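**Q** Protein chains in written order, with the UniProt record's numbering: chain X, 1 to 421; chain F, 1 to 421; chain W, 1 to 421; chain D, 1 to 421.
Each residue gets a CB set at the ideal place from its N, CA and C atoms; glycine is no exception.
Keep in mind that this is a model prediction, so the values were computed, not measured.
There are 4 protein chains.
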Amino acid sequence: MKLAVVGGGSTYTPELIDGFARLRDTLPVTELVLIDPAADRLELVGGLARRIFAKQGHPGTITTTSDLDAGVTGADAVLLQLRVGGQAARRQDETWPLECGCVGQETTGAGGLAKALRTVPVVLDIAGRVRRTSPDAWIIDFTNPVGIVTRALLQAGHKAVGLCNVAIGFQRKFAKLLDVAPAEVHLDHVGLNHLTWELGVRLGGPAGEDLLPRLIAEHGDAIAADLHMPRAVVDRLGVVPSYYLRYFYQHDEVVRELGSKPSRAAEVAAMEKELLALYGDPALDEKPELLAGRGGAFYSEAAVDLASSLLGGGGSGVQVVNTYNNGTLPFLPDDAVIETQARVDASGATPLAVPALDPMYAGLVSHVTAYENLALEAALHGGRERVFKALLAHPLVGQFEYAEALTDKLLAHNREHLAWA
Amino acid sequence: MKLAVVGGGSTYTPELIDGFARLRDTLPVTELVLIDPAADRLELVGGLARRIFAKQGHPGTITTTSDLDAGVTGADAVLLQLRVGGQAARRQDETWPLECGCVGQETTGAGGLAKALRTVPVVLDIAGRVRRTSPDAWIIDFTNPVGIVTRALLQAGHKAVGLCNVAIGFQRKFAKLLDVAPAEVHLDHVGLNHLTWELGVRLGGPAGEDLLPRLIAEHGDAIAADLHMPRAVVDRLGVVPSYYLRYFYQHDEVVRELGSKPSRAAEVAAMEKELLALYGDPALDEKPELLAGRGGAFYSEAAVDLASSLLGGGGSGVQVVNTYNNGTLPFLPDDAVIETQARVDASGATPLAVPALDPMYAGLVSHVTAYENLALEAALHGGRERVFKALLAHPLVGQFEYAEALTDKLLAHNREHLAWA
Amino acid sequence: MKLAVVGGGSTYTPELIDGFARLRDTLPVTELVLIDPAADRLELVGGLARRIFAKQGHPGTITTTSDLDAGVTGADAVLLQLRVGGQAARRQDETWPLECGCVGQETTGAGGLAKALRTVPVVLDIAGRVRRTSPDAWIIDFTNPVGIVTRALLQAGHKAVGLCNVAIGFQRKFAKLLDVAPAEVHLDHVGLNHLTWELGVRLGGPAGEDLLPRLIAEHGDAIAADLHMPRAVVDRLGVVPSYYLRYFYQHDEVVRELGSKPSRAAEVAAMEKELLALYGDPALDEKPELLAGRGGAFYSEAAVDLASSLLGGGGSGVQVVNTYNNGTLPFLPDDAVIETQARVDASGATPLAVPALDPMYAGLVSHVTAYENLALEAALHGGRERVFKALLAHPLVGQFEYAEALTDKLLAHNREHLAWA
Amino acid sequence: MKLAVVGGGSTYTPELIDGFARLRDTLPVTELVLIDPAADRLELVGGLARRIFAKQGHPGTITTTSDLDAGVTGADAVLLQLRVGGQAARRQDETWPLECGCVGQETTGAGGLAKALRTVPVVLDIAGRVRRTSPDAWIIDFTNPVGIVTRALLQAGHKAVGLCNVAIGFQRKFAKLLDVAPAEVHLDHVGLNHLTWELGVRLGGPAGEDLLPRLIAEHGDAIAADLHMPRAVVDRLGVVPSYYLRYFYQHDEVVRELGSKPSRAAEVAAMEKELLALYGDPALDEKPELLAGRGGAFYSEAAVDLASSLLGGGGSGVQVVNTYNNGTLPFLPDDAVIETQARVDASGATPLAVPALDPMYAGLVSHVTAYENLALEAALHGGRERVFKALLAHPLVGQFEYAEALTDKLLAHNREHLAWA
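1) Have a look at G312(F) and H186(F) and give me their C-alpha separation to the nearest angstrom.
2) Measure the alpha-carbon distance for L153(D) versus L124(D) and round it to whole angstroms.
3) State buried or exposed for R256(D), treating a residue as buried only when at least 16 other CB atoms are found within 10 Å of its CB.
4) A160(X): beta carbon under 7 Å from a heavy atom of the ligand MG?
5) Considering only the beta carbon of each residue, do K159(F) and G348(F) sit closer than 8 Å?
6) Using a cut-off of 7 Å between C-beta atoms, extract the partners of F400(F) located in chain A.
7) Taking 8 Å as the threshold (C-beta atoms), are P97(W) and G111(W) in contact?
8) Using 8 Å as the threshold, is the C-beta distance between T369(X) and P351(X) below it?
9) Name the residue from R384(D), P330(D), A342(D), V337(D) whose alpha carbon lies nearest to the alpha carbon of A362(D).
10) CB-CB under 7 Å to V130(F), same chain, minus the five flanking residues each way: which ones, in chain order?
11) Output the distance between the C-alpha atoms of N165(D) and L16(D), rounded to the nearest integer angstrom.
12) Output yes if chain F places a C-beta closer than 8 Å to the C-beta of T196(X); else output no.
13) Please report the residue range of the alpha helix (DSSP H) in which E31(F) lies.
14) For the structure I just gave you, are there three or more beta carbon pairs, one from the segment 375-382 of chain F and one from the segment 145-152 of chain F, closer than 8 Å?
15) Identify the contact partners of L98(F) in chain W, using a Cβ-Cβ distance below 7 Å as the criterion.
16) Looking only at its chain, what residues have a beta carbon closer than 6 Å to the beta carbon of G238(X), apart from the 5 residues adjacent to it on each side?
17) So, does the CB of G259(X) fall closer than 8 Å to a CB anywhere in chain D?
18) So, using beta-carbon positions, are H228(F) and Y243(F) closer together than 8 Å?
19) Note down the Cα distance separating G60(F) from S10(F), rounded to an integer number of angstroms.
20) Specify, as a first and last residue, the run of the beta strand (DSSP E) that R202(W) falls within.
21) CB G327(X) to CB D345(X), shorter than 8 Å?
22) Can you give me the Cβ contacts of G19(D) inside the same chain, cut-off strictly under 8 Å, excluding the 5 residues immediately before and after it?
23) Per DSSP, what kind of secondary structure is P59(D) in: helix, strand or coil?
24) Are D179(D) and R202(D) close, meaning C-beta to C-beta below 8 Å?
25) Can you give me the start and stop residues for the alpha helix (DSSP H) that H413(D) sits inside?
26) Under three-state DSSP, which class holds R214(D)?
27) Provide the residue span of the alpha helix (DSSP H) that contains K273(X), from first to last.
28) If you check the beta carbons only, do R51(X) and D285(X) fall under 8 Å apart?
Put into C-alpha cells, the structure is as follows:
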C-alpha cells in the first residue's frame with residue numbers, strides 16, 4: 001500500500017508519521033512518499049520521519065521528492081495538506097479584513113475566501129496529475145477551506161473525501177469526559193466544514209442513548225472553555241457548536257481580540273522555525289512536545305481511519321467527513337458539500353441520516369452554502385466581480401461598502417497567487 | 001359587496017377611500033365598514049370618508065363601529081391595517097435596538113420581531129372572529145410584518161392574502177420612466193416581504209422583453225436615489241433591491257443615521273396629529289396634500305385590484321402578493337410565505353414561475369426565512385427562549401451577546417402587549 | 001447647631017442620619033431639618049430618621065418640611081443631595097447616548113451634561129434662598145455632577161464646598177488593606193470630580209511614606225476588581241484611577257456592557273421602592289441591610305467630617321473636597337474646580353500642594369476642564385448652540401455628527417426640565 | 001548665500017527649485033546643495049533642478065551629494081524634508097492602526113507617533129552635524145510631524161523653525177476668494193501643527209478688518225469642500241479648522257473611509273515612480289503638471305519667505321511657523337511648540353499675540369500637547385512603556401486596550417527603524 005502526502009514538508013508531518021507508526025495494524029502502509037517543492041525543508045522533515053518509523057519498528061519505507069508526478073504515481077491514496085503562499089499569505093488573510101472591522105481568519109470570512117481562491121486551482125492541478133498517473137487513487141483533502149476544496153474536487157469528478165479534525169477532537173474530548181473508549185462515541189455532527197454543531201453524543205452508535213444533555217450539565221464549563229465561548233452559549237443552545245462558530249456568535253468581540261494581538265500565523269511561523277531546528281537534530285526520533293501546540297490534534301488518527309476505510313483496511317467504516325449532501329440536509333442542494341457522519345468504504349463516503357437541524361442553525365448553513373457556491377465560482381473562473389459577489393453573499397460581510405473594500409484588499413494582497421488578477 | 005376595514009380609524013384611511021371612490025368600476029363596493037376601537041378618531045376619519053364618497057358620487061354607504069364582530073359580519077373581504085401599540089410602540093421598536101448597535105426599524109431586525117410578537121395574536125383573534133361571522137370572507141393583510149402575519153393566517157387555515165406596496169410602487173415608478181401604462185409593466189419581483197429584488201421588468205407580461213438593463217442604464221441615478229443607496233449598488237447587482245435591503249447592504253451606515261435623527265415614528269406621530277386636525281374640518285372633502293408624506297403610496301390601488309380579483313370583479317388577475325411558496329423558490333419549504341407575482345382569482349393566489357434567484361440573494365432569503373419561522377413560533381407560543389432563538393437566527397443580529405441583550409430590551413419595552421411576558 | 005438637608009426625602013437619608021447619630025461627638029447637631037417637595041416620601045424617611053436618633057440616644061430634633069425657605073432659615077450648614085427629575089431622568093441619561101455609540105452615564109459624557117443642565121439652575125435657586133435666609137450658612141454639595149455644580153456655586157459667590165465619596169472610599173479600602181486606622185491614610189488624590197487618580201497613599205500625612213507601590217504589588221487584584229478594570233491597568237499606570245476612569249480607559253467596552261443590561265437607574269428605582277416599603281415599618285429603627293447596595297458608602301462620615309471642620313467642630317481639618325484650583329494644578333485656570341486634599345476650616349477649603357500630574361493624565365484633565373467650562377455656560381445660559389459646543393468639547397464625544405445627534409437627543413428627553421428649551 | 005536641502009532627492013524637490021527660481025529676488029541663493037543618501041534618485045532630481053534653474057536664468061549653482069557633512073558645511077540655512085523609511089513606512093503608518101478601529105495617518109494618531117519615533121533621532125543627528133560644520137546655520141524643518149520634530153530641535157538648542165503649508169494654503173485660497181493679493185491676507189491661525197483653526201482672516205495685517213464671517217457666508221461651500229467636511233461644520237464653528245481636524249471631528253467616518261480604499265502612501269508611491277521617469281527626460285526643464293497632485297502646494301513660497309526673513313533678505317517678516325509658545329497660548333507651557341503667526345527675522349521667530357482660543361478648541365489643544373510631550377519623550381529615550389504612555393495620552397486613542405494593541409503593532413512594524421526596539 002502506497003500513500004503520498006502532498007505538502008509532506010510541513011512541520012506538521014511528524015504528527016502524521018507518528019500516527020502511521022502507531023496505527024500500522026489499521027493501515028499497513030508499505031511505502032510513504034512525502035512530496036514538497038521546498039526541498040530543504042522536506043529533507044529535515046523526511047529525516048525525522050524515517051527515524052520515527054525506525055524507532056517504532058515500522059517496516060515501511062519513506063521517500064521524499066519534489067517531483068509531484070513521480071511521487072504520486074502508483075499511490076493508493078494521496079493526502080493533500082498544502083498551504084499556498086505559506087504562513088506569510090495566512091498572516092495577510094488574518095490581518096487586512098480587520099482594517100474594515102471584519103474578522104480576519106484563515107478559513108472564515110474574507111480571509112477564507114482569499115485562501116480558497118489561492119488554493120482551489122492548485123489542488124485541481126494536483127488532482128488532475130493524480131488522475132493521470134494513478135486513476136484509482138483516493139484523494140483525502142485536509143487542505144483548507146476543506147468544504148470548498150472538496151466541492152471543487154468532487155465537481156471535477158475526482159475520487160475525493162474531505163477531512164477535518166474538529167469532529168475527532170470532540171469525539172476524544174467527550175470520550176474522556178464520559179470515561180469511555182473514543183470508538184464508543186458517535187456524534188450527531190451536522191453542518192458545513194467549520195460551521196457545525198454536535199446535536200447529539202450517542203453511546204455505541206447512531207441509535208445509542210444521547211448523552212449530550214448530561215455532558216453539558218456535568219461538564220459545560222470545560223466544554224465552553226475549549227470553545228472560548230461563555231458557558232451560557234452551550235447551555236442556551238443545548239448543543240455544542242464548533243469553535244469556529246465564535247466567528248459568528250461573537251463576531252465583534254473576536255474582531256476586537258484579533259485587532260489586539262499578534263496574528264496566529266505569526267505565532268505558527270515562529271513555532272515552525274523552532275520545530276525545523278529540532279527536526280534537524282539526528283538524535284531526535286519521536287515527535288517533539290512542542291508540536292502539540294501547532295494545532296491539528298488527532299489528524300493522524302482521523303487520516304489513518306479514513307484511508308483504511310477507503311482502501312478496504314481495518315478502519316471504523318463510520319466517520320465524520322466532507323462529501324456531497326445528497327439529501328441529507330433537505331434544505332440544501334444535493335451537490336452542496338456538507339460535513340457529517342458518513343459510512344465510508346471502498347466506494348467512498350455516504351452520509352448517514354442526521355436529526356433535523358433547527359432553523360436557528362439551518363438558516364445560517366443555507367446562507368454560508370450560498371457563499372461557498374459563489375466562492376467556488378470565483379476560485380474556478382476568477383474576476384473581481386465574482387470575488388465581490390461571494391463577499392456580499394457572506395453572512396459576516398453582507399454590506400456593500402465592506403464587500404467592495406474587502407474585494408480590493410483581497411486582490412491587492414494576493415495578486416502573485418491569482419493567475420487572473 | 002361589503003368590505004370591512006379593521007384599523008379603519010387610521011389617518012391613512014382617506015387614501016384608501018379615495019382609491020375606492022376613483023376605482024369603483026373595478027370594485028363596486030356597496031357597503032364599507034370602518035372598524036376601530038378608537039371611537040373619537042374613527043368619527044373624524046369616517047366623516048371625511050363619507051364626504052369623499054359624496055363628492056365623487058360614490059353610491060356606497062360608509063359606516064363606522066368599534067364592535068368588531070358586528071362590523072365584519074357579512075363582509076366579503078376584510079382588510080387588516082392595524083398597528084398594535086400605535087406609533088408609541090413603533091417609536092420603541094425604532095430606538096432600543098440602536099442601544100446595542102443594531103438597526104431599529106418597524107419591520108426589519110429586532111424591532112420587526114417586537115412588532116410581530118405584538119401583532120400576530122391580535123390578528124389571529126380577529127381572523128377567528130371573521131371566520132365565525134363570515135366564513136367565506138377573504139382577509140387581505142396590510143399589517144406588518146406582512147410576511148410573518150400572512151404565514152400565521154395561512155397556517156391557521158384562514159383565507160388570506162398578504163399585500164405590500166413596494167411592488168406597485170416600483171411598477172408605477174418604472175412605468176413612468178418607461179413612459180408606458182402601469183398595467184403594461186410586469187415585475188419579476190422575488191423574495192420575502194421587505195426582502196425582494198426586481199430581477200426583471202417586462203413589457204406586457206411575464207414573457208415580455210426585459211427592460212431592466214435599459215432602465216438601470218438610463219435611469220440608474222433616479223432609481224438609486226429612491227432607494228437611498230449609491231448608484232453603484234444598482235449597477236453592480238444589475239437588479240433593483242427593495243428599499244428595505246438598505247438595512248442589510250448598508251446596515252452600519254443606517255444604524256449611524258438612525259442614531260443621529262428623530263425616529264420615523266416621531267415624525268409620523270406629529271403628522272398624524274396634524275392630519276386629524278384637518279380631517280375634523282367639515283369643509284374638507286378630499287384627501288389632503290399632507291397625506292402624501294404619510295407613506296403607503298398606491299396602497300389603495302393595490303387593495304382594490306386584489307379585492308376585485310379575489311371577489312370575481314375586474315381586477316388584473318395578476319399581482320404581487322404574499323402567499324405560500326409551494327415550490328416557487330425551490331430552496332425554501334413549501335409552507336414558507338414569499339412575496340412574488342401571483343395569479344389571483346376567487347380561489348386565491350398562486351405564484352407564477354420566477355427566474356432562478358442568484359445565490360447572492362438566495363442565501364440571505366433562506367436565512368431570513370429561518371428567522372421568520374422562529375419569529376412566528378415565538379409570536380404563537382411566547383417565551384423568552386423563543387424570542388432569543390429568533391434573534392440569534394436573524395442575519396442582522398446573529399451574535400450571542402446581542403441576541404441576549406435585545407431579548408431583554410424587547411421584553412422590557414413590550415410587556416403590556418405580550419400576554420405571556 | 002442646625003443642619004438642613006435639601007433632598008432629605010431621599011431613600012439614602014437614613015445612611016446620613018446613622019452617621020450623624022454615630023458621630024455626634026464630632027458634629028453635635030441639635031436640629032436637623034429634612035427638606036423635600038415629596039411630602040409622602042419625606043414622612044416615611046423622616047419617621048425612620050427620628051427612630052434612628054431615638055434608638056442611638058441622639059438628643060437632637062429632626063423635623064421635616066416641604067417649605068425650603070422655612071427649612072433652611074437659621075441653618076449653619078445646608079447639605080444638597082437632590083436629583084432633578086429623579087431616577088426617571090437618570091434612566092434617560094443612561095440610555096439615549098448609547099443610541100449613537102456613546103457612553104450613557106449619570107455624570108460622565110452626554111448624560112452627565114444633561115444632569116448638569118437640569119441641576120445647576122435648581123441648585124443656584126436654592127443657594128440664593130439660603131443666602132437670603134441664612135447668609136452665613138455653608139453649602140455642602142453632594143449633588144452631581146459635583147464639579148460643575150460646585151463651580152456654579154462658587155462662581156455665584158456662595159460659601160460652598162463640593163463633596164464626593166470616591167476619595168473616602170479609597171481611604172477606607174486602603175486602610176483595611178494596610179491594616180491601619182483610616183485617619184492614618186493620606187491620599188495624593190488629584191484631578192476633577194470623577195476624573196481622579198490616587199498618585200500616592202501616605203501614612204500619617206502628606207509627608208508620610210508612600211505605600212502605593214506596595215499596595216499595588218500586594219493587593220493589585222483586589223484594587224483592580226473594585227474598579228472593574230483589568231489588573232494590568234493598575235500595574236501599568238502605577239497609580240489608582242477612580243472607577244469613573246473606566247468610561248475613558250474602556251469606553252467602547254463599557255458602551256457594549258451598558259447596551260447589554262438594564263440601566264443602573266432601573267435597578268436603583270426598584271431598590272428605592274423596596275426601601276420605602278421597609279421605612280414605613282414603625283418597628284424599624286436602624287438603617288436596613290438593603291441600603292448598602294444603594295451606593296454612597298461613607299458619605300455620612302465624609303459629610304460629618306466636612307461640616308464639623310467648616311463649623312469649627314472636631315473634624316479632621318484635612319479632607320478631599322471640590323474647590324477652586326487656585327494654582328494647585330498649574331496647567332488649569334485658577335477658577336477651575338478641582339478635587340483634591342484640602343485644609344478645611346471656618347474659612348473654607350484650601351487645596352494642599354500635590355505631586356505633579358503626569359502629562360498622561362494632565363492632558364485629559366485639561367480637556368475635561370474645558371468641557372466643564374462650556375457645560376456650565378450651557379447650564380447657566382441655555383441654548384442649543386451651547387449644548388452642542390459642550391458636547392463637541394467633551395473628549396468622549398468630540399465628533400461633529402455625534403455632538404449634533406446627542407444635542408438633539410438631550411433636548412428631546414429633557415424639555416420638561418429646561419426652562420429655555 | 002548657500003542653502004542645503006536634506007532629502008533633496010525627493011520627487012517634491014523640483015517644486016522647491018521652481019520656487020527658488022521664480023522668487024530669486026526675495027532669496028538670492030548662490031549655491032544650492034541637494035543632499036540625499038539615494039544617489040540614483042538624487043541624480044535624476046538634481047539634473048532636472050539644474051535644467052529648471054538654467055531655463056529660468058537663475059545664476060546659482062546646484063550640486064548634489066550623499067555626504068551630509070560635506071553638503072551642509074558652510075550653509076546659511078538647511079532645509080529638512082526627509083522621510084525615514086520612505087513611502088513603505090508611511091503605508092504601514094496608514095494601515096495597522098485601522099486594525100483596531102483607530103485612524104491610520106502619517107502625522108495624526110498612532111501612525112503619527114510611529115513617524116515621530118522614526119524621525120526625531122535622525123533629525124537630531126543631522127542637526128548635530130549642521131551645528132558642528134555650520135554653527136550659524138538656520139534649520140528649517142518641513143519634516144513631519146513638524147510640531148514634535150521642531151520641539152526636539154529647539155529643546156536640543158538648535159536654531160530651528162518649523163514650517164507647514166496649511167497656513168499658506170489658506171492664505172492663498174482666501175486671497176483668491178476675496179480677490180486680493182495674498183500678502184494682504186493676515187490669518188489668526190492658532191493651535192498646534194495639523195491642529196489649527198483660522199480664527200480670523202484680516203485684511204492688511206493683525207489689526208485689519210476680520211473678513212472670516214463674510215468668507216464663510218459667501219464661500220462656505222467651497223471652503224468646506226476643500227476640507228472634506230460638511231458645510232455645517234464651518235457654519236456651526238464660525239471658524240475654519242485645518243483639514244487635519246477631520247481626523248478628530250469625523251474620526252469614525254474617516255476610519256471607515258480609510259478602511260475602504262488604498263492608502264495615500266500607495267497612491268504617492270505610484271506617482272513618484274511616474275515622476276522619476278519624467279525627471280529622467282533630459283528635455284524636461286520645468287516642473288511637470290503631475291507634480292501638482294503630489295501635495296505640498298506653496299511649500300516653496302513659504303520656504304523662500306521664511307529663509308529670506310531669517311537670513312536678512314526680503315521676506316515678509318511675518319509668517320505662520322512652528323516655534324515655542326512662550327505665553328502666546330496662556331493655557332500651554334512656555335516650552336510647548338505651537339503653530340501661529342510670528343514675527344521672523346535674523347533672531348528667529350517670535351509669536352504674535354492671538355485672539356483667545358475658545359475652550360471648545362483649547363481643551364483639545366491641551367490634550368494633544370500632553371501627547372506630543374510624551375511622544376517626544378518616547379522618541380528621545382525609547383522603550384515600550386513610553387510608547388504606551390504616549391498612545392494612552394492621545395485623545396484619539398485614550399483606551400487602555402487600544403493603547404496596548406497599538407503599541408505592539410507600532411513596534412512590530414517599525415523595529416528596523418528603532419534602535420532601541
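**A** Well, looking at it:
1) 21 Å
2) 7 Å
3) buried
4) With respect to the ligand MG, the structure shown offers nothing to examine, as it has no ligands at all.
5) yes
6) Looking for chain A here will not work: the only protein chains present are X, F, W and D.
7) yes
8) no
9) P330(D)
10) V72, V78, A137, I139
11) 12 Å
12) no
13) That residue, E31(F), is in no alpha helix (DSSP H); its beta strand (DSSP E) goes 31-35.
14) yes
15) E99
16) none
17) yes
18) yes
19) 20 Å
20) 195-203
21) no
22) Y299, S300, E301, A303, V304
23) coil
24) no
25) 400-414
26) helix
27) 264-279
28) yes
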